[in-house]
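Under UniProt numbering, read the sequence shown as residues 1 to 179, first letter to last.
Using N, Cα and C, we set each Cβ at its ideal position, and we do this for glycine too.
This structure is a prediction, so every number in the text was calculated from the model and none was measured.
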Amino acid sequence: MPSPAADDGAATAAPPADRSAPSPGQILRHLARCNAVAERALALGHHPFGAILVAPDHETVLLEQCNIDTVNHAESTLARVAATNFTPDYLWRCTLYTSVEPCCMCAGTAYWANIGRVVFGMTERELLGHTGNHAENPTMDLPARTVFAHGQKPVEVIGPVPEALPAIVAMHARFWQAR
């Protein structure tokens, strides 16, 4: 097993095939944690987005990050920190969970960090339905799968997850209606 410590090596071009999949229960538990991290963002005065990085065992949470601002989203900030702390081979076997589908900036950052799987609760398009043409969140309707499909590595995407939607939608509806 490769060491999870960071190195200066290039991202894995041909990812190892020995990745296991998270169970539905693990997915729901980790998306609930993302929502709790998004609640922390609200408490800090930020937009309600949260992300966590989970180890290959599908249990250990390695990092968590709430939204900071318009260019330091939860997912992109988490991916940059992960890339400086873990090897590309190790990150390929990890999973980035996020309450809302990563935007193109965040999907690109996860790709370059070599995170091999992304799980999200609500789509970017659904988010747009809650934010509308809000100046604080000029949502780009560009699915993460489309961003990843233009890369050379097969990043796995799981989402949206219908069972996680009610809590995520409730938080965003409450937040954006009050803005």
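With a threshold of 6 Å on Cβ separation, who are the neighbours of residue i within its own chain once the five nearest residues in sequence on each side are excluded?
i    : result
W176 : H130 and T131
A83  : A113
G45  : none
R40  : C66
L42  : P48
P22  : H58
Per DSSP, residue i is paired with what?
i           : result
C66         : G50
residue 191 : Nothing can be reported for residue 191, as the shown portion of the chain is limited to 1 through 179.
R61         : Residue identity check: residue 61 is Val in the sequence provided, not Arg. Bridge partners of V61: V54.
L96         : L53 and V118
Which whole-angstrom value is the C-beta distance of residue i and residue j, which I expect to be below 8 Å?
i    : j    : result
I168 : S99  : 5 Å
A107 : V147 : 4 Å
R125 : T95  : R125 to T95, Cβ: 22 Å. No contact.
T109 : A79  : 4 Å
E101 : P143 : 7 Å
Tell me which same chain residues have a C-beta within less than 8 Å of the C-beta of residue i, skipping the five on either side of it?
i    : result
S20  : P56 and H58
R145 : V157
M140 : C103, C104 and E124
V81  : L63 and Q65
R174 : none
Quick one: what's got a C-beta closer than 7 Å to residue i's C-beta in the same chain, skipping five residues either side?
i    : result
M105 : H73 and S76
M1   : With a pLDDT of 37 at M1, under the threshold of 50, the predicted position of this residue should be treated as unreliable, and no value is reported.
T60  : V54
A38  : P48, F49, G50, C66, S99 and M171
Y97  : H30, L31, C34, A51, I52, V54 and V119
G9   : The predicted position of G9 is uncertain, since its pLDDT is 40 and thus under 50; no value can be drawn from it.
I68  : H46 and T77
Please determine if the region 76-90 and the region 149-168 are in contact, where contact requires at least 3 C-beta pairs separated by less than 8 Å.
no
Cβ pair count under 8 Å reaching 3, the region 21-30 against the region 49-60
yes
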